[in-house]
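Below is the structure:
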């Protein structure tokens, strides 16, 4: 019968044998000096990657930065939408306000989370559902459908209409206050339910509680603009109301500074007193419901070709439901390539906590699992197929980004 405990003699033998192997000594010295990731990188594979793409979006815009917040999904989604603004305004770059989106995202998350607390008030706090609701709180994370629901309901504003703040750049302290208030409010709702209050009375209490969340968000992010003046330099091919344009006098050749862009044909767009919904319609014009969310989960539990809607996931109640069509990886890849060929970037999510060369200053922005040789470094087999990784909770979606281009082989694959 196999022993249930670790045998000290066996452990001592393994320790003695370890340093007798040259590969073990090299691995030990490397990892203890520079860390696991740096020692595991495969330099031969890394240098085969180049930042060139045969199919690419014409104008990608400046790189945006979520800082120390969990808004990757919002940045990714807004980077898809801004392509339409770049085209309409005929500019090289544009950025929507993620602080504005964050304000209403948090407010809607507070409302939906408290609504789910009401719906589960008959369950004990240690039930899996209630425990998950209370432990997760009002997080920063989300999906493309979350962003589209916000755009549909609240519109968009340019970044300078509601700039980043200390709390949007680093959301930890704000989130702590919001989560504290959420759990306090959840306890009050559950106590009211236990006291026999009706559903209408519970929702009236919830509405009163939402004032506190609005207060916190206004203090941390500033009040979101109800109307604003939009002024922007646009190109000569801007697809906007000509009555709102005024020309920019081009600089004399002798007055130009080295490297200064020729502004011939540039105009100034001025749209005063515009609402966020009007702005989204005029200068983005994307149908918030005109998309499909594809996933590829190889699992007998979730067959391909079916649509899945996780429970208690929607944050904007009455908005766009978060549904995923599960497809084969080849379908996912083909859909992405087709979108990019059509000039449209693609919002994507993956698990960047896996075997990627993160924080590697020699090869910035390379994310490829074949560039890290953990098996070779440790002499241990870490290989798992995707189905096993999903079923055993080894992987999940940890980060959202935007596909801007793709490099294909001679067969278009």
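In the numbering used here, the protein residues as written are -13 to 399. Every residue gets a Cβ at the ideal spot worked out from N, C-alpha and C, and that includes glycine. Remember, it's a predicted structure, so these values are computed and weren't measured experimentally.
C-alpha distance - residue i paired with residue j, whole-angstrom precision
i           : j           : result
residue 71  : residue 107 : 44 Å
residue 167 : residue 204 : 15 Å
residue 285 : residue 66  : 30 Å
residue 306 : residue 294 : 14 Å
residue 110 : residue 150 : 40 Å
residue 384 : residue 338 : 6 Å
residue 300 : residue 322 : 25 Å
residue 68  : residue 144 : 10 Å
residue 330 : residue 324 : 9 Å
residue 123 : residue 98  : 11 Å
residue 313 : residue 226 : 39 Å
residue 395 : residue 40  : 9 Å
residue 112 : residue 271 : 45 Å
residue 315 : residue 281 : 8 Å
residue 9   : residue 391 : 40 Å
residue 162 : residue 146 : 27 Å
residue 174 : residue 186 : 15 Å
residue 118 : residue 101 : 14 Å
residue 417 : residue 172 : There is simply no residue 417 to check, as the chain begins at -13 and stops at 399 in what is shown.
residue 26  : residue 360 : 6 Å
residue 335 : residue 352 : 16 Å
residue 333 : residue 386 : 7 Å
residue 232 : residue 393 : 41 Å
residue 181 : residue 156 : 39 Å
residue 23  : residue 13  : 12 Å
residue 116 : residue 183 : 19 Å
residue 230 : residue 256 : 5 Å
Residue burial classification, residue i (beta-carbon count within 10 angstroms, cutoff 16)
i           : result
residue 63  : buried
residue 94  : buried
residue 131 : buried
residue 378 : exposed
residue 308 : buried
residue 120 : buried
residue -10 : exposed
residue 254 : exposed
residue 57  : buried
residue 357 : buried
residue 297 : exposed
residue 288 : exposed
residue 75  : buried
residue 303 : exposed
residue 154 : buried
residue 389 : buried
residue 126 : buried
residue 96  : buried
residue 368 : exposed
residue 397 : exposed
residue 216 : buried
residue 59  : buried
residue 4   : exposed
residue 21  : exposed
residue 195 : buried
residue 220 : buried
residue -8  : exposed
Beta-bridge partners of residue i, as assigned by DSSP
i           : result
residue 391 : 42
residue 219 : 254
residue 294 : 310
residue 378 : In the DSSP output, where bridge partners are listed per residue, residue 378 has none listed.
residue 232 : 254
residue 27  : 358
residue 82  : 144
residue 54  : 156
residue 385 : 336
residue 214 : 260
residue 281 : 312
Closest Cα partner of residue i within the set the options
i           : options               : result
residue 152 : 124, 54 and 289       : 54
residue 16  : 28, 363, 234 and 139  : 363
residue 259 : 334, 211, 302 and 155 : 211
residue 32  : 342, 369 and 376      : 342
residue 28  : 146, 101, 312 and 349 : 349
residue 206 : 92, 353, 43 and 1     : 92
residue 354 : 393, 365 and 340      : 340
residue 128 : 14, 279 and 184       : 279
residue 265 : 218, 223, 283 and 171 : 218
residue 381 : 370, 391 and 387      : 370
residue 374 : 283, 234 and 328      : 283
residue 292 : 274, 311, 276 and 277 : 311
residue 214 : 13, 142, 366 and 116  : 142
residue 223 : 73, 268 and 184       : 73
The stretch 28 to 48 in contact with the stretch 69 to 89 per 3-pair CB rule at 8 Å: Yes, the stretch 28 to 48 is in contact with the stretch 69 to 89.
Cβ contact (3+ pairs, closer than 8 Å) linking the stretch 136 to 143 and the stretch 175 to 194: Output reads no: the stretch 175 to 194 does not touch the stretch 136 to 143.
The stretch 205 to 225 / the stretch 81 to 92 touching (three or more Cβ pairs under 8 Å): With a cut-off of 8 Å, the stretch 81 to 92 and the stretch 205 to 225 count as touching, because enough Cβ pairs lie within range.
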